[in-house]
Amino acid sequence: MPGSSTRVAPNDDRTAPLVLAEISDGPESISRVNSPPNVPSREDGVAFAWNPSSKSLCQTHSISINESHPLMILHNPRFDILESTWIRVREFLKLETPGSENLIPPSLAVANVFLGLFFDRFYEQSPVLHLPTLLVDHLPSSLLSAMIIIGATYSRIRHTRRFSILMLDRARQNLQALIEADKSLTRHPETIYASSLLVYTGLWCGNKGAFETAEAFRGSLVTYVRRLFQPKTKVADVAGNRVEDHWRAWATSEFKRRLRWYVFMIDSQFPAILNMRSMMSLAEVARWECPGDDAAWCTTSAPIWATLVKPSGSLSAPEFGIVFKALTNNRRANSTNLAPSVSAITDSISSWTQFLVLSCLASQALDWSHDWSVQVGSDPAMLQDTGSDCHQESLRIRDNIIGKSYCLPVVYAKADAFILASLKSWECYYGTKYSGNPIPDVAQSPVLYFQNASQILRGLVNIQLHTCVADLQDALGKGGANAVDESLGRLRVYFTNGYTDCVGAHQELPFASLYAFDKSVVETTSIMSNPTLQSATPYSIFGIFLNHVLQWAFLKSSPETLNSHLREHLRDMAFSYHGRSMSELSGLLDFGLSSANPTVVNRDRSHLVLMQAAQNLALLGTWGASLNLALLLQLRAKT
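Quick look at the structure:
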């Protein structure tokens, strides 16, 4: 919490899981998660809060990997760079800005291991470079630096977390200096891709200063990609008749197309998991062509690629706006007979495109939730006094927000219901697309990543539609001590009456609140019991974080009348869903919801959920953001 005097010695060497806490009524047995890569400060108790006057990290050890290490033994040299290339990268990383901390570059062998890890562990969520035609030694130094930084993060060996943060800062500063000296780099696709990787790393590396810098750099990145020339969709007019020339021309065009979508995806992470509006809108990208076919993108030779090319000489994908409309058509979920034109569109889209559509729905859910919570949820009188003029005004505001603002035919129709119907349509496509259909081996890794990320993101959208994430943040202390009680009071009204119906009078507990609680439990156990879901970062990190915080909020603020219903649902879920994760979480929540003797000092057991959340986040410690959030929840559990 802000103002805490707790000091934790930072340990970026490796992630140590928390010792599982025994169920008890007091926080005394809480063990401490390893500190994320920040100099400890009073801001540890607030997510991403950072004091710019705080001390900087410095690298005190070089990174080395001996030849007998599994990373060396299993290393694939396919993407290795030459010594001359590594010298060029080291020249790029030389100190340019006064006051920048010392950076100790690793050896060429270690750098190549990190490059290999980038392609092995991270490429699946960033399939932008065309691997069959890629010449790694020809890539700019800024892009190679970004790849090495991310690969080092995935190595999880001693000192690499600190090294990655320092190298990130150096690469960002020097790239910015190059751009200032040569503005034409802002139209260079590989430079934009390097910038996007640096922004991604800054957001999720766990260093709060890097997060704030990346948040600001997002604006420049979006501007660069907006000015990028429209990729060509036709390759038939390429000079020469060789299939090889056509293939390479298509790969270059598709690289630019995928680059734009990757920047859009990073921008969409802000509304999806950070409760901030995106900078790019659906209307802005509606005419962009979707990412191309996965099979064509992964094809390893020109002759095989040529067999996939249509007679028109292109592999053009449909425009995104058309695909979005087809996948979110509310009539789709209630009909098995789709127009041939709709089926032709949806049957050919990639898993990445399907994920981008869901990201847009997540952005819409955030916009609706913000409008609703600000206009109605910000005024306690509107929520609680059902006989006042304020209450009648709140009903009018609600009808305006969730009716007219979304251009629905019935003025009192609910926008959240409209979004839910779109989600149902998307789920109908998602289930049909991947149910029993084999994934081509060459495209398996990216397809699986976007499938897993979609599953988690769908749960995060559900949270946006059933509660106010800003109130969850304030309940944890983001808005200061005074905001905690106010936000918990609003959450109590939401849980008692239902989020969108919180200004109405109810005799029974709303189904929506019970549904939100059930889904949060199922989502949490699904992620923690499935390693492939855990690897879908950063969505897995925030899936665990927000779902656990929602459970904590239920325990913290739900009235006794709701607790009995929640416990009944927990017992039903424990019976219906088998597995250790469900059994442990349902038992923990049931214990937290159980009535205790009012004379007992530690009657409030909600802190147990935060302790469990911190342990689970520590297990996802590849990216340092999970450790930041784990420490935040651990400190909150002690207050």
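Numbering of the sequence shown is given in full-length UniProt numbering, commencing with residue 1 and proceeding in unit increments.
We put the CB at the ideal spot given by N, CA and C, even for glycine.
Asked, Found
"At the level of alpha carbons, what is the spacing between L608 and L197?", "36 Å"
"Pick from P291, S529, F591, I349: whose alpha carbon is nearest that of P127?", "P291"
"In angstroms, rounded to a whole number, what distance separates the CA positions of R78 and G479?", "49 Å"
"Does the structure place the segment 114 to 122 close enough to the segment 69 to 83 that three or more beta carbon pairs sit under 8 Å?", "yes"
"Would you decide whether D604 is buried or exposed? Buried here means 16 or more other CB atoms lie within 10 Å of its CB.", "exposed"
"What's the gap between the Cα of G592 and the Cα of F211?", "34 Å"
"Would you give the residue range spanned by the alpha helix (DSSP H) that M582 belongs to?", "580 to 593"
"What's the C-alpha gap between L566 and C360?", "32 Å"
"Quick check on the burial criterion: 16 or more other C-beta atoms within 10 angstroms. Buried or exposed for R161?", "buried"
"So, do the segment 66 to 76 and the segment 131 to 138 have three or more beta carbon pairs nearer to each other than 8 Å?", "no"
"Taking the alpha-carbon of S107 as reference, which of L129, S84, L95, R121 has the nearest alpha-carbon?", "S84"
"By Cβ distance below 8 Å, which residues in the same chain neighbour N275 in space, the five residues on each side in sequence not counted?", "L366, V469, A470, Q473"
"Could you spell out where the alpha helix (DSSP H) holding V469 opens and where it closes?", "469 to 475"
"By Cβ distance, which residues of its chain are closer than 8 Å to L71, with the 5 residues on each side in sequence left out?", "I65, V113, L117, S155, I157"
"For the alpha helix (DSSP H) holding R170, just list the boundary residues, first then last.", "160 to 181"
"Inspect the beta-carbon positions of L546 and R458 and report whether they are closer than 8 Å.", "no"
"When DSSP builds the beta bridges, which residues end up paired with E319?", "E289"
"Excluding five sequence neighbours on each side, which residues of the same chain lie with their C-beta closer than 7 Å to the C-beta of G543?", "I456, G459, L460, E523, I527"
"With a CB to CB cut of under 7 Å and the five nearest residues on each side skipped, what residues in its chain are close to residue 646?", "Because the chain here runs from 1 to 639, residue 646 falls outside it and cannot be looked at."
"When you compare only the Cα positions, how much space is there between L627 and I541?", "10 Å"
"Quick test of the definition: if touching needs 3 or more C-beta pairs under 8 Å, does the segment 241 to 255 touch the segment 264 to 283?", "no"
"Only counting runs of 3 or more residues, tell me where the beta strand (DSSP E) segments fall wholly within the segment 123 to 163, in order along the chain.", "none"
"Between the alpha carbons of D590 and L635, how many angstroms are there, rounded?", "23 Å"
"With burial defined as no fewer than 16 other Cβ atoms inside 10 Å of the residue's Cβ, what is the status of P482: buried or exposed?", "The question names Pro, but residue 482 in the sequence shown is Asn. Classification of N482: exposed, given that the 10 Å Cβ count is below 16."
"For my contact list, H578 and F517 are in at a C-beta cut-off of 8 Å; report their separation, rounded to the angstrom.", "Actually they are not in contact, since the Cβ atoms of H578 and F517 sit about 20 Å apart, beyond 8 Å."
"If you count every other CB in all the chains shown that lies within 10 Å of the CB of Q392, and 16 or more means buried, which is it?", "Caution applies to Q392, whose pLDDT of 49 falls short of 50 and renders its modelled position unreliable; the model cannot decide the point."
"Can you tell me the Cα-Cα spacing of N76 and N616, whole angstroms?", "31 Å"
"Quick one: what does DSSP say S281 is sitting in, helix, strand or coil?", "coil"
"Would you say R287 and E254 are within 8 Å of each other, going by their C-beta atoms?", "no"
"Return the residue from the list Q464, T467, D267, T252 that minimises the CA-CA distance to R226.", "D267"
"Using CA coordinates, which residue listed in A177, E427, H61 is at the minimum distance from H159?", "H61"
"What would DSSP say about P77, mapped onto helix, strand or coil?", "helix"
"Where does L93 fall in DSSP's three states?", "coil"
"Give every residue of the same chain whose Cβ lies closer than 7 Å to the Cβ of Y430, excluding the five residues on either side of it in the sequence, and list them in chain order.", "Q354, S454"
"When you compare each of S141, A613, P52 to F92 by their alpha carbons, which one comes out closest?", "S141"
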